[in-house]
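Student:
In the working numbering, the protein residues as written are 343 to 823.
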């Protein structure tokens, strides 16, 4: 008998390790490759600026809470400005989030179905970039939900630690992204209030402690960057149509109704449902499928709960139909991810893909490093901050992105003053237009006027236009001597 149980434990251990190896392999396959994505570049260059001793809000503009920069900065400090180090760290963080989802599934008694939930989340996350504040925020949101759910499962024996850690995880989510963080804080606070009032105080203490370092910046400065700018400029510029968000919220309502047909939802199920609704709503300014799909992990959990209830109902035809629907949805996600994977590999080739190289990016970086000395800056507009990080050249302005219509005129005026004070030898524009005369370039702002007056077109490298500074007549005379 003892040998039998020992064999079962060994088999479970092998299966457990096999599952995690497979999960890590899926995460690597979905997220590997050297993306030239502006949102990743925004985080990478911001983190590298932090490593160099610069401060967001004071030294460079930032309209998102700075947690992702400070989370990534130690990695870049330790390994240097390495895209590979940032990629591997971010994949590890993503897998860490999968562990939290697995535990949430356990709290909801999903049985073996809980093992499918992290896989579904990885497939959903494949629709958005990895090295970014949005992805980082969701990892901490998952663990905030997990720690809060553990309080309910402990039946009053939670003590002070779990709710305090839930508060810290909520604070970490706020640090990564203010809107995602606020959504999780509201959901966790509601759940803990319904479970045990004694949990509210340690939760609040953990939340406050986690937020205290934010006082390193003056509150008016935070208000101006995180809230005033966002509502006055960012939201009107980025707001998408309501249809994707409306469809997601309608899906949550339908799912709630489908579960309620079997029985009253438990507090934990209501908590996961509320978390999903609020996280989806926190994307109201950019409610496209890129931003919405990764936040649907609560829906994946609740679908597993619904399928469990269908199985318990004992209606074979209904069970087969439900299994077919869920399996088909996962298969579609997997097929789309396979297409993404094939596209990434085809773009660079197998060898470059596994080496985290992008030949087109390397061509641009080589041109910059050949023509611009290490102590000289470059200026990239309107939005390709990857080049600062990859080429290891400084930005003479405060702005990693500068887009007409999204940023106020004062930003362009400030940027022009910086460009006049410290003019870069070259300017790179990723408008993907014809090079002659800025044909489709948005005109009428101080920065574009300065580029027109002081720079001339040289070449186009992989869709990025390169402009070289025209030497003033005095400099030309000196250069000829």
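C-beta atoms are modelled at their ideal positions from N, C-alpha and C, and glycine is treated no differently.
#1: With a cut-off of 8 angstroms, do at least 3 Cβ pairs link the stretch 723-736 to the stretch 376-386?
#2: Which class does residue 402 belong to by DSSP, given the choice of helix, strand or coil?
#3: Could you check if residue 505 is buried or exposed, using at least 16 other CB atoms within 10 Å of its CB as the buried criterion?
#4: Thinking just about the alpha-carbon of each residue, which of 352, 545 and 423 is nearest to the one in residue 736?
#5: Compare the beta carbon distance of residue 526 and residue 486 with 8 angstroms and say whether it is the shorter of the two.
#6: Measure the C-alpha to C-alpha separation of residue 614 and residue 643 and round it to an integer number of angstroms.
#7: For residue 768, report the span of its beta strand (DSSP E) as first-last.
#8: Evaluate contact between the stretch 466-478 and the stretch 403-423, counting only Cβ atoms and requiring at least three cross-stretch pairs below 8 angstroms.
#9: Could you round the C-beta distance between residue 368 and residue 461 to whole angstroms and report it? I think they count as a contact, below 8 angstroms.
#10: According to the neighbour-count rule (16 or more other Cβ atoms, all chains shown, within 10 Å of its Cβ), is residue 550 buried or exposed?
#11: Report yes if the CB atom of residue 627 is closer than 8 angstroms to the CB atom of residue 576, and no otherwise.
#12: Give the range of the beta strand (DSSP E) segment to which residue 422 is assigned.
#13: I need the DSSP call for residue 684, collapsed to helix, strand or coil.
#14: Considering only the beta carbon of each residue, do residue 601 and residue 611 sit closer than 8 angstroms?
#15: Could you spell out the range, first to last residue, of the alpha helix (DSSP H) harbouring residue 484?
#16: List the endpoints of the continuous alpha helix (DSSP H) containing residue 830.
#17: Looking at the strands, I want to know which residues DSSP matches up with residue 808.
#18: Going by DSSP, name the residue or residues bridged to residue 721.
#19: Can you find the residues in the same chain that come closer than 6 angstroms, C-beta to C-beta, to residue 479, ignoring five residues on each side of it along the sequence?
#20: Could you give the residue range of the alpha helix (DSSP H) that holds residue 397?
#21: Per the contact definition of three or more C-beta pairs closer than 8 angstroms, is the stretch 739-752 in contact with the stretch 791-807?
#22: Give me the DSSP bridge partner(s) of residue 633.
#23: Does DSSP put residue 598 in a helix, a strand or coil?
#24: If residue 453 and residue 484 are in contact, beta carbons under 8 angstroms, what's the gap, nearest whole angstrom?
#25: Take residue 509 and list the residues in its own chain whose beta-carbon comes closer than 6 angstroms to its own, dropping the five residues that flank it on each side.
#26: What number of angstroms, rounded off, separates the C-alpha of residue 587 from the C-alpha of residue 572?
#27: Compute the beta-carbon to beta-carbon distance between residue 469 and residue 631, rounded to the nearest angstrom, for a pair I have assumed lies under 8 angstroms.
#28: In terms of residues, what are the limits of the alpha helix (DSSP H) holding residue 755?
#29: In this structure, what does DSSP give as the bridge partners for residue 746?
#30: Would you mind stating whether residue 828 and residue 567 have Cβ atoms separated by less than 8 angstroms?
#31: Going by beta carbon distance, what residues of the same chain come within less than 7 angstroms of residue 713, once the five residues before and after it are set aside?
#32: Starting from residue 615, trace the alpha helix (DSSP H) both ways and give me its first and last residue.
#33: Would residue 701 and residue 629 qualify as a contact pair, given that the criterion is a beta-carbon distance under 8 angstroms?
#34: Skipping 5 residues on each side, what residues in its chain have a beta carbon closer than 8 angstroms to that of residue 634?
Tutor: Quick look at the numbers:
#1: yes
#2: Locating residue 402 in the chain shown gives position 60, counting from the first residue. In the structure shown, residue 402 sits in a strand (DSSP, three-state: E or B).
#3: Counting from one through the chain shown, the residue named residue 505 turns up at place 163. Counting Cβ neighbours within 10 Å, residue 505 comes out buried, since at least 16 surround it.
#4: For the purposes of this step, residue 736 is taken as the residue at position 394 of the chain shown. Of the candidates 352, 545 and 423, the one whose C-alpha sits nearest the C-alpha of residue 736 is 423.
#5: Reading the chain shown from its first residue, position 184 is the one you call residue 526. Reading the chain shown from its first residue, position 144 is the one you call residue 486. In this structure, residue 486 lies closer than 8 angstroms to residue 526 by Cβ.
#6: In the chain shown, counting from the first residue as 1, residue 614 sits at position 272. In the chain shown, counting from the first residue as 1, residue 643 sits at position 301. Whole-angstrom Cα-Cα distance: 8 angstroms.
#7: As a position in the chain shown, residue 768 is number 426, starting the count at 1. Unbroken beta strand (DSSP E) run through residue 768: 768-771.
#8: yes
#9: In the chain shown, the residue the question calls residue 368 occupies position 26. In the chain shown, the residue the question calls residue 461 occupies position 119. Confirmed, about 6 angstroms.
#10: Numbered from its first residue, the chain shown carries residue 550 at position 208. Result: exposed.
#11: Stepping through the chain shown from its first residue, residue 627 is reached at position 285. Stepping through the chain shown from its first residue, residue 576 is reached at position 234. For residue 627 and residue 576, yes; Cβs fall inside 8 angstroms.
#12: Stepping through the chain shown from its first residue, residue 422 is reached at position 80. Counting along the chain, residue 422 falls outside any beta strand (DSSP E), and DSSP gives it neither H nor E.
#13: Stepping through the chain shown from its first residue, residue 684 is reached at position 342. Looking at residue 684 - three-state DSSP - the assignment turns out to be helix.
#14: Position 259 of the chain shown, counted from the start, is the residue given in the question as residue 601. Position 269 of the chain shown, counted from the start, is the residue given in the question as residue 611. Cβ atoms of residue 601 and residue 611: closer than 8 angstroms.
#15: What you label residue 484 is simply residue 142 of the chain shown in a count that begins at 1. 475-495 is the extent of the alpha helix (DSSP H) around residue 484.
#16: Because residue 830 is not part of the residues shown, which for the chain are 343 to 823, the question remains open.
#17: Within the chain shown, residue 808 is the residue found at index 466, counting from 1. Residue 808 is bridged to 770 and 801.
#18: The sequence position of residue 721 within the chain shown is 379, counting from 1. BP columns for residue 721 point to 769.
#19: For this step, residue 479 is matched to residue 137 along the chain shown. For residue 479, where only same-chain residues beyond five positions count, the Cβ hits under 6 angstroms are 515, 518, 519 and 522.
#20: Translated into positions along the chain shown, residue 397 becomes position 55. Per DSSP, residue 397 belongs to no alpha helix (DSSP H) and is neither H nor E.
#21: no
#22: As a working mapping, residue 633 is identified with position 291 in the chain shown. Paired residues: none, contrary to the question.
#23: In the chain shown, counting from the first residue as 1, residue 598 sits at position 256. Looking at residue 598 - three-state DSSP - the assignment turns out to be helix.
#24: The residue labelled residue 453 in the question sits at position 111 within the chain shown. The residue labelled residue 484 in the question sits at position 142 within the chain shown. 20 angstroms between Cβ atoms; not a contact.
#25: The sequence position of residue 509 within the chain shown is 167, counting from 1. Excluding residues within five positions, the ones whose Cβ falls inside 6 angstroms are 545, 548 and 549.
#26: Numbered from 1 along the chain shown, position 245 holds the residue referred to as residue 587. Numbered from 1 along the chain shown, position 230 holds the residue referred to as residue 572. If I take the Cα positions, the gap works out to 19 angstroms.
#27: For the purposes of this step, residue 469 is taken as the residue at position 127 of the chain shown. For the purposes of this step, residue 631 is taken as the residue at position 289 of the chain shown. Residue 469 to residue 631, Cβ: 6 angstroms. Contact.
#28: Position 413 of the chain shown, counted from the start, is the residue given in the question as residue 755. Start and end: 751-763.
#29: One-based indexing of the chain shown puts residue 746 at position 404. The partner list for residue 746 (beta bridge, DSSP) reads 749.
#30: Residue 828 lies beyond the range of the chain shown here (343 to 823); nothing can be said about it.
#31: Along the chain shown, one-based indexing puts residue 713 at 371. Result list for residue 713: 767 and 768, in chain order.
#32: Here the question's residue 615 lines up with position 273 in the chain shown. 609-623 is the extent of the alpha helix (DSSP H) around residue 615.
#33: Indexing the chain shown from 1 puts residue 701 at position 359. Indexing the chain shown from 1 puts residue 629 at position 287. No, Cβ-Cβ distance for residue 701 and residue 629 is not below 8 angstroms.
#34: Position 292 of the chain shown, counting from 1, holds the residue named residue 634. These residues qualify, in order along the chain: 586, 587, 590, 622 and 625.
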